[in-house]
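With my numbering applied, the sequence shown closes on residue 172, and no number is skipped along the way. What follows is a short report on a single structure.
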Amino acid sequence: MAENPTEVAVGAGVIALALGFLVYAGQVTGFGVSAPDHYRLTASFRSAEGISTGTDVRLAGVKVGTVTGLDLNRDTFRAEAQLTLNADVLLPDDTAAMISSEGLLGGNFVELVPGGSMFNFEDGQVIADTQGSVSLINLLLKFVTGSDEGSAE
(Lines of atoms letter the chains of each structure in order from A and count residues from 1; the text may use other names and numbers.)
(Lines give C-alpha, C1' and ligand atoms only; values in the text may rest on other atoms or scores of the structure.)
Protein backbone atom coordinates (compact mmCIF):
# COMPACT_ATOMS: atom_id res chain seq x y z
CA MET A 1 0.00 0.00 0.00
CA ALA A 2 1.60 3.27 -1.11
CA GLU A 3 1.40 6.34 1.09
CA ASN A 4 0.45 9.52 -0.67
CA PRO A 5 1.58 12.64 1.27
CA THR A 6 -1.64 14.45 0.33
CA GLU A 7 -3.82 11.68 1.77
CA VAL A 8 -1.78 11.61 5.00
CA ALA A 9 -2.11 15.41 5.37
CA VAL A 10 -5.88 15.33 4.75
CA GLY A 11 -6.28 12.45 7.22
CA ALA A 12 -4.28 14.31 9.88
CA GLY A 13 -6.42 17.41 9.27
CA VAL A 14 -9.64 15.44 9.69
CA ILE A 15 -8.40 13.89 12.94
CA ALA A 16 -7.31 17.32 14.26
CA LEU A 17 -10.69 18.80 13.35
CA ALA A 18 -12.52 15.94 15.09
CA LEU A 19 -10.44 16.38 18.25
CA GLY A 20 -11.08 20.13 18.21
CA PHE A 21 -14.81 19.50 17.93
CA LEU A 22 -14.73 17.07 20.87
CA VAL A 23 -12.87 19.58 23.04
CA TYR A 24 -15.36 22.32 22.11
CA ALA A 25 -18.35 20.05 22.79
CA GLY A 26 -16.88 19.14 26.18
CA GLN A 27 -16.51 22.81 27.12
CA VAL A 28 -20.03 23.74 26.00
CA THR A 29 -21.67 20.88 27.90
CA GLY A 30 -19.47 21.31 30.97
CA PHE A 31 -18.12 17.78 30.73
CA GLY A 32 -14.88 17.41 32.64
CA VAL A 33 -15.02 20.82 34.28
CA SER A 34 -13.66 20.61 37.82
CA ALA A 35 -15.29 23.69 39.35
CA PRO A 36 -19.04 24.10 38.81
CA ASP A 37 -19.94 27.27 36.96
CA HIS A 38 -23.58 27.21 38.06
CA TYR A 39 -25.92 26.19 40.84
CA ARG A 40 -29.58 25.20 40.94
CA LEU A 41 -32.53 26.59 42.88
CA THR A 42 -36.20 25.62 42.86
CA ALA A 43 -39.11 28.07 42.86
CA SER A 44 -42.75 27.09 43.34
CA PHE A 45 -45.32 29.25 41.51
CA ARG A 46 -49.13 29.28 41.70
CA SER A 47 -49.13 29.96 37.97
CA ALA A 48 -46.15 29.55 35.66
CA GLU A 49 -48.04 30.68 32.58
CA GLY A 50 -45.71 32.16 29.98
CA ILE A 51 -42.47 30.48 31.05
CA SER A 52 -40.96 27.22 29.88
CA THR A 53 -37.64 25.43 29.78
CA GLY A 54 -35.07 27.86 28.39
CA THR A 55 -36.73 31.01 29.73
CA ASP A 56 -34.31 33.67 31.01
CA VAL A 57 -33.75 34.29 34.72
CA ARG A 58 -32.83 37.94 35.25
CA LEU A 59 -31.51 40.07 38.07
CA ALA A 60 -31.77 43.84 37.59
CA GLY A 61 -32.52 43.22 33.91
CA VAL A 62 -29.37 41.15 33.34
CA LYS A 63 -29.58 37.47 32.43
CA VAL A 64 -28.02 35.44 35.26
CA GLY A 65 -29.52 32.04 34.53
CA THR A 66 -32.08 29.88 32.79
CA VAL A 67 -35.17 27.87 33.64
CA THR A 68 -33.97 24.28 33.16
CA GLY A 69 -37.08 22.42 34.25
CA LEU A 70 -40.77 22.97 34.87
CA ASP A 71 -42.94 20.35 36.57
CA LEU A 72 -46.23 20.10 38.42
CA ASN A 73 -46.00 19.24 42.10
CA ARG A 74 -48.86 16.75 42.45
CA ASP A 75 -49.11 17.28 46.21
CA THR A 76 -49.42 21.08 46.22
CA PHE A 77 -50.72 21.55 42.64
CA ARG A 78 -48.13 24.26 42.07
CA ALA A 79 -45.66 24.64 39.22
CA GLU A 80 -42.09 24.00 40.32
CA ALA A 81 -39.41 25.65 38.22
CA GLN A 82 -35.79 24.55 38.38
CA LEU A 83 -33.54 27.57 37.93
CA THR A 84 -29.89 27.24 36.96
CA LEU A 85 -27.91 30.34 37.94
CA ASN A 86 -24.35 31.46 37.26
CA ALA A 87 -22.06 30.53 40.17
CA ASP A 88 -20.69 34.07 40.44
CA VAL A 89 -24.18 35.42 41.30
CA LEU A 90 -24.60 34.93 45.06
CA LEU A 91 -28.18 35.61 46.15
CA PRO A 92 -29.40 36.25 49.71
CA ASP A 93 -31.63 33.44 50.96
CA ASP A 94 -34.62 35.80 51.23
CA THR A 95 -34.58 36.61 47.51
CA ALA A 96 -37.99 36.70 45.81
CA ALA A 97 -38.73 35.19 42.39
CA MET A 98 -41.54 36.49 40.21
CA ILE A 99 -42.69 35.94 36.67
CA SER A 100 -42.52 39.25 34.84
CA SER A 101 -43.34 40.38 31.34
CA GLU A 102 -41.16 42.36 28.96
CA GLY A 103 -44.22 44.37 27.91
CA LEU A 104 -47.64 43.91 26.38
CA LEU A 105 -46.33 41.95 23.41
CA GLY A 106 -43.06 40.74 24.90
CA GLY A 107 -42.25 37.40 26.40
CA ASN A 108 -42.08 36.46 30.06
CA PHE A 109 -39.03 35.84 32.23
CA VAL A 110 -38.26 35.00 35.85
CA GLU A 111 -37.16 38.09 37.76
CA LEU A 112 -35.12 37.77 40.94
CA VAL A 113 -35.45 40.47 43.59
CA PRO A 114 -32.70 40.10 46.20
CA GLY A 115 -33.46 40.56 49.87
CA GLY A 116 -31.21 41.72 52.67
CA SER A 117 -30.26 38.48 54.41
CA MET A 118 -26.69 37.86 55.51
CA PHE A 119 -26.87 34.25 54.27
CA ASN A 120 -26.78 33.15 50.63
CA PHE A 121 -28.59 30.38 48.80
CA GLU A 122 -26.74 27.12 48.33
CA ASP A 123 -27.12 24.60 45.53
CA GLY A 124 -30.49 22.81 45.65
CA GLN A 125 -32.34 25.18 47.97
CA VAL A 126 -35.90 26.44 47.45
CA ILE A 127 -36.92 30.06 46.92
CA ALA A 128 -39.79 30.56 49.37
CA ASP A 129 -41.04 33.98 48.26
CA THR A 130 -42.56 33.69 44.76
CA GLN A 131 -45.17 35.46 42.68
CA GLY A 132 -46.74 33.72 39.71
CA SER A 133 -47.64 35.22 36.39
CA VAL A 134 -50.47 37.69 36.13
CA SER A 135 -53.05 36.96 33.46
CA LEU A 136 -53.56 39.92 31.15
CA ILE A 137 -57.10 38.77 30.39
CA ASN A 138 -58.01 38.72 34.09
CA LEU A 139 -56.59 42.21 34.52
CA LEU A 140 -58.63 43.48 31.57
CA LEU A 141 -61.76 41.83 32.97
CA LYS A 142 -61.22 43.55 36.32
CA PHE A 143 -60.77 46.88 34.59
CA VAL A 144 -63.79 46.53 32.29
CA THR A 145 -66.23 45.09 34.83
CA GLY A 146 -64.88 46.90 37.87
CA SER A 147 -65.04 43.69 39.90
CA ASP A 148 -62.86 40.81 41.01
CA GLU A 149 -64.95 38.11 39.28
CA GLY A 150 -62.24 37.47 36.68
CA SER A 151 -59.71 36.74 39.41
CA ALA A 152 -58.86 33.17 40.30
CA GLU A 153 -57.08 34.07 43.54
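We put the beta carbon where it would ideally sit given N, CA and C, even for glycine. Note that the structure is predicted; figures quoted are calculated from it, not measured.
Alpha-carbon spacing of residue i relative to residue j, whole angstroms
| i | j | result |
| --- | --- | --- |
| Ala-31 | Ala-62 | 50 Å |
| Tyr-43 | Thr-114 | 35 Å |
| Asn-127 | Met-117 | 10 Å |
| Leu-131 | Gln-144 | 15 Å |
| Glu-68 | Leu-104 | 21 Å |
| Gln-150 | Val-129 | 10 Å |
| Leu-91 | Thr-72 | 13 Å |
| Val-86 | Gly-165 | 36 Å |
| Arg-93 | Ser-136 | 31 Å |
| Leu-78 | Ala-37 | 38 Å |
Beta strand (DSSP E) segment containing residue i, residue limits
| i | result |
| --- | --- |
| Val-129 | 127 to 132 |
| Leu-104 | 97 to 105 |
| Met-117 | 115 to 120 |
| Gln-150 | 148 to 150 |
Range covered by the alpha helix (DSSP H) that runs through residue i
| i | result |
| --- | --- |
| Thr-164 | 155 to 164 |
Residues that DSSP places opposite residue i in a beta bridge
| i | result |
| --- | --- |
| Pro-111 | Asn-139 |
| Val-145 | Thr-61 |
Ordered list of alpha helix (DSSP H) runs contained in the region 50 to 92, each at least 4 residues: none
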